[in-house]
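Here the structure comes first, spelled out in structure tokens, and everything after it is commentary.
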Amino acid sequence: MADDNEPLLPTTGSAAAAGVGTRRISQQHVELNENLASAVFSSKRKRPGAAGEELAGAGAGAVGESAADASLESSRLKRRNGAGALEGGGGGMEKGTWGGKVLAGGPGVSSSPVEGAQTRKRKSLEKLAAVAGAAAAEDDGGSVSPSREVVKISTNSSSSKKRKPAVGDEAVCGMKDGPEPSDEGRVSQGLRLRFTRSGNSLAAKKVTCEEDTRTGSAGEHTEGPNIRSRGSFDVANRSGEGEPWTMPAQVRDQSHPSAGDGHGTPANASNAKVSEKSPLTRELYRIPSHAGWFSWSKIHNIERRSLGEFFDGKSLSKTPKIYKEYRDFIINKYREKEQRLLTFTEVRRMLIGDVNALRRVFDFLDHWGLINHQVGTESNQEASPTPITDDGVPSGVRVALGPVVSPVLQSESSLGVSSPLTGLQLHALPSYRNVFAPVIPAGEAEKIPLKFNCSSCGADCSKIRFHCQDEIQAGLDLCPTCYKSGKFGPMRVPKDFVRINGESDSTGDRWTTKETLSLLEAIGRFGDNWNQVADYVGTKSRGECVKQFIRLPFGDRFLNDAGADSPAFMDGERMLVDCDEEPRVSDEVHETEGNIKSNGGKHSAVRGCPVSGKSGRRSTKQELTPLQDVNNPLLGQVALMSAMVGSRVAAAAAQAAIITIAEDDPALANHSIMNRYSTTGAQQNFDSRSKEPSRPETPAQGVLAQEVEREADGGPSAVQLQVGIATGLAAAAVNAKLLADQEEREMELLMTDIIENQMKALYAKLEHFDELEMLLERERIQIEQARQTQFLQQIQFTESRLHLTRHG
Amino acid sequence: MTVKNAQPSTSRPSLVKFRMPTAENLIPMRLDVEYEGRRLKDAFTWNVDDPDIEIYPFVRRMAKDLNLPSGFTPIIAQQMQTQLDEFRSLEAQEMTTEERVQTLRLDLRVNNTVVHDQFLWDVNNFDSDPEGFARGLCKDLELEDPEVAPAIALSIREQLYEIAKQNIASGRETRISKKVRRESGVDFTQPSALGTLAVNLMRRPNSKISIVRRKNEWDMFEPNVEILSDREVEAIDAREERNARIKKRQEEKEDAYSSRYLRV
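Chains A and B are the protein sequences, given in the same order. Be aware that the first sequence starts at 39, since it is given in this note's numbering, and climbs by one per residue. Be aware that the second sequence starts at 1404, since it is given in this note's numbering, and climbs by one per residue.
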């Protein structure tokens, strides 16, 4: 926006604020985007709007104390406990306490970050990155120790998860995709930013920011970070030129304007604080996911089964009612102080009843994590930044740590910045979405994301898990690996499991169709003037509008023809996201789809899935799990699809498609194929299956378009290829669907046969019975007759006897 | 006819062969043997259901492990046999499975650890698990001495055994008295005393049922553990020794009396 023209520093400041916003406490996998680092800086400031100045100072390579502070602290970012607080561990820092408070509160700030991120131009983001990096550099410079700080930001969420507290010392800095490190040779003392771009995803996968510091004269840091970015980055340039930047004051002056511009920052930060607190103080009892069956008001079958003595009615003092009272009492007792391990010995003195029965109840609750499940984690966190050590929790159980989530300096960060770079066009990139996903509106923070652990191997499988719906094992979750290797446990078959991507309700800012439409309308009218857009929409804030717009599974395309062929399109989108291991986001998208889509039926078909479609998809997904790590969502997608149909079928179809496409202009090919697919899709009017065909196109288009845009070469052929594959897969999918239908018809026929035969058998039986009845009747009549004759004879006999006696 | 129908199930609980009212049929055994100035005190549980385990091999093994003089073996074996015989004789009788909650008390010292505790135990519940309970208790109280848990479990078992024995006796009585009562036409529906059912314990004056104990009773039902210093332990040991000697002397005296009395 307006800031772009302003001195860069202010911009940076607000971008930093954005970073704060993007943090989200409830995100299950530890997430911290690159912005975080800058956020850290800014948050540390006590003065509103001053963030920029400090950053600027740091970026400039100023040796000013403040800069040194910032950098030092940033370098000591540590992973903190569930509150998601990041804490500056650096001893001796004057302002070492910025830690958890400011940083922790992602949600509230959401709006500004998003907006900031979106509206910033590449330039500013680059600056941000540079600044952050510089700050880190300063760290070393300030302390004059020739050390090396490595800032790693990895997109791969899994890797981030594995991150150990040990990594805490890394400074995280936000990196822009854009900046191209130049003058590397000169970067002796500066900051070198290296960006790797992997595959089609524009996100820099790993941003390594190395800084080599020379032993310089104490206190004076003559050379700042040596970063040259496309824009005019004063600070960086200056430092790159080796100009001693010893005038922090100057920097400050420059950055002051940021106070006005970045006014959102402080307010948001405080919001964040509030929203951070709310989840902690509210009355909400967290239980592990596997104990999801638990209900205060009811007694579940699991309880009945496990504690049969209370339900067999044999004892007067062991009744369901008393059981429930025991249960509730024990849980409440635990709730009084969740961090402390509640022991049976403690409980039993307060309860009347057979200690054995009580102990069984207690053990049962303990086993399911209904009590004591938070003990391990929280107490540990106090001791060290390391979270999660099991204590008293059965293995394989993981806690539903709500706010606890992952403060880790994390990944996705690079993506976060990169996406704003390219603006809305990036929509197709899950990584892009990722950045904003963590932002939860304050109210939303109430919902706790669950952390799921594989019941078999204990690994975290929050992202993709296979959930057993069986009643007995309500909480059985398996990670893809275990699912694949068939560790279902006794009495279970793969069919019992349903694939679940993350938790579905972690974001609650529901957009109604109406709101979405008015949003689109507003965007059409006001462009990217989000304030006005927000006003127009009315019910949502600026940030939410931006967020929603970004999330919409379409970009400019939607603007062109408002969701004409959305179902197929969106489905593709969804799948894409699925693959990308960004479950929560995917669900959001999903929801949005649901809202936007006029054609709700199809949507549900996708979810509910016909038998054939679902099982097929599930199994293949599981097969492909390893591929899901592939950074390129498109590849993952293709692999997934080709696994679904036979490889030969897919190959053949693709072959055909490529030939066709080759004849056309590449650009045209895109469109024509797209259209063709939407028509075929309609014609087949199936469920999910039919939509799959068009799936890969979307990402392909989005991604590749950018690719073309940026690199201006290599695009077309890639596009052709992808579209070709898509075509092939489409054909295969259709084929599969047809087969399934045929099968179904056959089954129906057979079923009818069976029923008919059954009926015949019944009729035969009835006839038989009738016959029997007749026979019986006949027999009865005969007997009756015989009886009568006998009676007559008897009478005659008596008569004759009487006769005789009379005569005799 | 009608009488017969009314009688079963409700008033008369099902009867089973006598056994330890716990999940595992382990009886407590206590040894206290003195031979040639050496004294052996020990306590353990004995699985009466296991046909493979016999007294003599066990005792021989024990003597070997503890390096006991051979004179010990027959005495130990005899003590064990006595206790086992007692159980076998009881086994011929029947016991009820009706819920009967009683307060068990722990009052024991193991090495340096003194445990006082009190809790309710359903003495007729065959699912109970004294060992598990004892383990849990030690874990909760963070008692590190590995001998404490078994000692607690044994103490519980001894009490249960004692109570079970009494119940046989009292059960016989009530059955008899019921017969008498029936004959005399008087009917007491629920002769069992208050407090044998947990529900009755839960009853509050205001006729409500509360599973939560009155606060002022919490202390009573809370374990109380004391860790003694070595010197204290020594003192206690000495005192116990003395008491034991006095007691023994008294017993001998009584024995003498009774034998004389009997002889007369």
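The beta carbon of each residue, even a glycine, is placed where N, CA and C say it ideally should be.
For Gly351(A), count neighbouring C-beta atoms within 10 Å of its own C-beta (all shown protein chains included) and say buried if the count is 16 or more, exposed if not. Along the first sequence, read from residue 1 onward, the residue named residue 351(A) stands at position 313. Label assigned to Gly351(A): exposed.
Closest to Thr1448(B) by C-alpha separation, out of Met1483(B), Val1513(B), Leu1471(B), Ile1478(B), would be which residue? Numbered from its first residue, the second sequence carries residue 1448(B) at position 45. Selected option, being the one with the closest Cα: Met1483(B).
Taking Cβ-Cβ distances below 9 Å as the criterion, which residues of the segment 342-363 of chain A are in contact with chain B? The residues in question are Glu347, Lys352, Ser353, Leu354, Ser355, Lys356, Thr357, Lys359, Ile360, Glu363.
If the cut-off is 7 Å on Cβ atoms, which residues from the segment 798-825 of chain A count as contacting chain B, listed in chain order? Listed by position along the chain: nothing, the set is empty.
Met388(A) touches chain B at which residues, Cβ-Cβ below 7 Å? As a position in the first sequence, residue 388(A) is number 350, starting the count at 1. Simply Val1615, Arg1616, Trp1621.
Anticipated Cβ contact below 8 Å, Lys336(A) with Glu347(A), distance rounded: Numbered from its first residue, the first sequence carries residue 336(A) at position 298. Numbered from its first residue, the first sequence carries residue 347(A) at position 309. At roughly 19 Å, the Cβ-Cβ gap does not stay under 8 Å, so Lys336(A) and Glu347(A) are not in contact.
On the CB-based measure, 16 or more other CB atoms within 10 Å of its CB, does His806(A) come out buried or exposed? Position 768 of the first sequence holds residue 806(A). The residue is exposed, with fewer than 16 neighbouring Cβ atoms inside 10 Å.
Three or more C-beta pairs below 8 Å linking the segment 1438-1455 of chain B and the segment 1504-1524 of chain B: No: fewer than three Cβ pairs fall under 8 Å.
Best match in Arg1503(B), Leu1604(B), Phe1536(B), Val1615(B) for proximity to Pro1626(B) [C-alpha to C-alpha]: Taking the first residue of the second sequence as 1, we reach residue 1626(B) at position 223. Closest by alpha carbon: Phe1536(B).
Mapping DSSP to helix, strand and coil, what is Val1526(B)? Residue 1526(B) sits at position 123 when you count from the first residue of the second sequence. Note: Val1526(B) maps to coil in three-state DSSP.
Residue ranges of each alpha helix (DSSP H) within the segment 545-581 of chain A, 4 or longer: 551-564, 568-575
Would you say Ala329(A) reaches chain B, if we count a Cβ-Cβ gap shorter than 9 Å as a contact? As a first step, residue 329(A) is located in the first sequence; it is residue number 291 there, counting from the start. No, its Cβ sits nowhere closer than 9 Å to a Cβ of chain B.
Does any residue of chain A bring its CB to less than 9 Å from the CB of Leu1600(B)? Indexing the second sequence from 1 puts residue 1600(B) at position 197. So, interface residue.
Since I believe Arg1616(B) is in contact with Ile390(A) (beta carbons under 8 Å), could you give me their beta-carbon distance rounded to a whole number of angstroms? The sequence position of residue 390(A) within the first sequence is 352, counting from 1. The sequence position of residue 1616(B) within the second sequence is 213, counting from 1. That belief holds up - the Cβ atoms of Ile390(A) and Arg1616(B) are roughly 5 Å apart, short of 8 Å.
Can you tell me the Cβ-Cβ gap for Phe1475(B) and Val1436(B), rounded? I've got them flagged as a contact below 8 Å. Position 72 of the second sequence holds residue 1475(B). Position 33 of the second sequence holds residue 1436(B). At roughly 6 Å, the Cβ-Cβ gap stays under 8 Å, so Phe1475(B) and Val1436(B) are in contact.
For Pro1553(B), decide whether its Cβ has a neighbour in chain A, counting only Cβ atoms nearer than 9 Å. As a first step, residue 1553(B) is located in the second sequence; it is residue number 150 there, counting from the start. For Pro1553(B), the answer is no, since every Cβ of chain A falls outside 9 Å of its Cβ.
Any contact between the segment 1558-1566 of chain B and the segment 1419-1432 of chain B? By contact I mean 3 or more CB pairs, one from each, below 8 Å. yes
For Pro1626(B), go through chain A and note every residue whose CB falls closer than 7 Å to its CB, in chain order. By one-based count along the second sequence, residue 1626(B) stands at place 223. Correct list: Thr383.
According to DSSP, is Asp1431(B) helix, strand or coil? As a working mapping, residue 1431(B) is identified with position 28 in the second sequence. The sequence as given places Pro at residue 1431(B); Asp does not occur at that position. It is a strand residue.
Output the boundary residues of the alpha helix (DSSP H) element that contains Phe1447(B). The count along the second sequence starts at 1 and reaches residue 1447(B) at position 44. No alpha helix (DSSP H) contains Phe1447(B), which is instead part of the beta strand (DSSP E) from 1441-1450.
Quick one: what's Gln1505(B) bridged to in DSSP? Taking the first residue of the second sequence as 1, we reach residue 1505(B) at position 102. Per DSSP, Trp1524(B).
Can you name the start and end residues of the alpha helix (DSSP H) that Asn1514(B) belongs to? Position 111 of the second sequence holds residue 1514(B). Asn1514(B) -> no alpha helix (DSSP H), and no H or E assigned at all.
Gly407(A) CB to nearest chain D CB: under 9 Å? This model lacks chain D altogether; the protein chains it does include are A and B.
Determine the direct distance from the alpha carbon of Pro326(A) to that of Gln412(A), and round the result to whole angstroms. For the purposes of this step, residue 412(A) is identified with residue 374 of the first sequence, where counting begins at 1. For the purposes of this step, residue 326(A) is identified with residue 288 of the first sequence, where counting begins at 1. Roughly 9 Å between the two C-alpha positions.
Taking Ala1601(B) and Asp401(A) to be in contact with their CB atoms under 8 Å, please state how far apart those CB atoms are, rounded to whole angstroms. Position 198 of the second sequence holds residue 1601(B). Position 363 of the first sequence holds residue 401(A). Not a contact, Cβ separation roughly 18 Å.
DSSP state of Lys375(A) mapped onto helix, strand, coil: By one-based count along the first sequence, residue 375(A) stands at place 337. Coil at Lys375(A), not helix or strand.
Do you know how far the Cα of Asp366(A) is from the Cα of Phe332(A)? What you label residue 332(A) is simply residue 294 of the first sequence in a count that begins at 1. What you label residue 366(A) is simply residue 328 of the first sequence in a count that begins at 1. About 11 Å.
Cβ-based neighbour list, Glu1655(B), same chain, cut-off 7 Å, excluding 5 preceding and 5 following: As a working note, residue 1655(B) is residue 252 in the second sequence. The answer is none, since no qualifying residue turns up.
Cutting at 7 Å between CB atoms, please list the residues of its own chain near Ile1456(B), excluding the five before and the five after it. Walking along the second sequence from the start, residue 1456(B) turns up at place 53. Its chain contains Asn1450 as the residues whose beta carbon lies nearer than 7 Å to that of Ile1456(B), once the 5 sequence neighbours on both sides are disregarded; these appear in chain order.
How big is the Cα-Cα spacing for Ala395(A) and Asn1528(B)? Here residue 395(A) refers to the residue found at position 357 when the first sequence is read from its first residue. Here residue 1528(B) refers to the residue found at position 125 when the second sequence is read from its first residue. The straight-line gap from Cα to Cα measures roughly 9 Å.
Does the distance from the CB of Ile1555(B) to the CB of Leu1604(B) come in under 9 Å? Residue 1555(B) sits at position 152 when you count from the first residue of the second sequence. Residue 1604(B) sits at position 201 when you count from the first residue of the second sequence. No, the Cβ-Cβ distance between Ile1555(B) and Leu1604(B) is not below 9 Å.
How many angstroms separate the CA atom of Glu1497(B) from the CA atom of Met1465(B)? Within the second sequence, residue 1497(B) is the residue found at index 94, counting from 1. Within the second sequence, residue 1465(B) is the residue found at index 62, counting from 1. Rounded to whole angstroms, Glu1497(B) and Met1465(B) show a C-alpha spacing of 33 Å.
For the putative contact between Val1628(B) and Leu1546(B), defined by C-beta atoms under 8 Å, what is the C-beta separation to the nearest angstrom? Residue mapping note: residue 1628(B) aligns to position 225 of the second sequence, counting from 1. Residue mapping note: residue 1546(B) aligns to position 143 of the second sequence, counting from 1. With a Cβ gap of about 7 Å, Val1628(B) and Leu1546(B) count as contacting.
Arg1623(B) (DSSP reduced to helix, strand or coil): By 1-based counting over the second sequence, the position of residue 1623(B) is 220. A quick correction: the sequence has Met, not Arg, at residue 1623(B). Coil at Met1623(B), not helix or strand.
Residues sharing a beta bridge with Tyr1459(B), DSSP: For the purposes of this step, residue 1459(B) is taken as the residue at position 56 of the second sequence. By DSSP's assignment, Tyr1459(B) forms no beta bridge with any residue.
Taking DSSP as the reference, what is the three-state secondary structure of His328(A)? In the first sequence, residue 328(A) corresponds to position 290, counting from 1. Correct three-state label for His328(A): helix.
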